[in-house]
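According to this note's numbering, the stretch in the sequence shown is residues 60 to 199, in order. For glycine and all other residues, C-beta sits at the position ideal for the given N, C-alpha and C. What you are looking at is a predicted structure, and each value in this text was computed from that prediction instead of being measured. Quick notes on the structure that follows.
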Amino acid sequence: NQIVSFELDGKVHIAMCRDVKLSAVSRELQHVDFVCVEPTTKIRVTLPIVFAGRSAGQKAGGRLDIAARYVKVDTTPVDLPANITVKLAPFKNGEQLGVEQLPFPAGVTPFFRRAFKVMELVPPKVVEVVAEDPKAKKKK
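This is the structure in structure tokens:
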């Protein structure tokens, strides 16, 4: 989703990288496809979701269950962020975050047909330890 500008025949163009082809053996760059975009035209792109920090639930022994790592958004090339960052610090065990609750910057709107869960903090499993009665062994 990188936006680049380049000059061609004396005109400056804004483009977005659409596809990159690498060599299967040497991993060297072979080909890049660019698509020209207008700065004010809405585009639909897929952005990564980055989870930052540790939550209060994780510190208490909970487990972060990530259900989605990417989200589709509608935005203009000017407003296009590199990713959507979720700060985990305020989340407690048992809480979850839906796509509609993600912190989208101004000019960025999510695109989804149905709401879906992005992440959940699963509380730790509590295992009850039962002390064995020493007299029960002696009766055998």
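Chain-order list of residues whose beta-carbon lies under 8 Å from that of residue i (same chain, five-residue window excluded)
i, result
"E87", "L81"
"F163", "V132, I143, P169"
Straight-line gap, residue i to residue j (C-alpha atoms, nearest Å)
i, j, result
"P107", "R173", "19 Å"
"R77", "F93", "5 Å"
"F170", "I73", "24 Å"
"L67", "A165", "31 Å"
"K70", "Q117", "52 Å"
"E159", "T135", "19 Å"
"A83", "V189", "57 Å"
"Q49", "M75", "Absent from the structure is residue 49, since the part of the chain shown begins at 60 and ends at 199."
"S64", "R128", "28 Å"
"G157", "E191", "45 Å"
"S114", "L123", "9 Å"
"C95", "S85", "29 Å"
"A119", "V185", "12 Å"
Nonlocal neighbours in the same chain, by C-beta distance under 6 Å from residue i, ignoring five residues either side
i, result
"I125", "M178"
"N142", "L106, P107, V109"
"L161", "I143"
Nonlocal neighbours in the same chain, by C-beta distance under 7 Å from residue i, ignoring five residues either side
i, result
"G121", "N152, L180, V181, P182, P183"
"G112", "K146, L147, A148"
"V167", "V132, T134, D138, P140"
"Q89", "K80, L81, S82"
Anticipated Cβ contact below 8 Å, residue i with residue j, distance rounded
i, j, result
"Q155", "K131", "Not confirmed; about 20 Å, so no contact."
"V104", "V91", "About 17 Å separates the two Cβ atoms, so there is no contact after all."
Quick test of the definition: if touching needs 3 or more C-beta pairs under 8 Å, does the segment 95-102 touch the segment 150-157?
no
Can you list the beta strand (DSSP E) stretches of 3 or more residues lying completely in the segment 130-177, in chain order?
143-146, 155-157
Report the start-end ranges of each beta strand (DSSP E) in the segment 80-137 that is 3 residues or longer and not cut off at the edges.
88-95, 102-111, 122-125, 129-134
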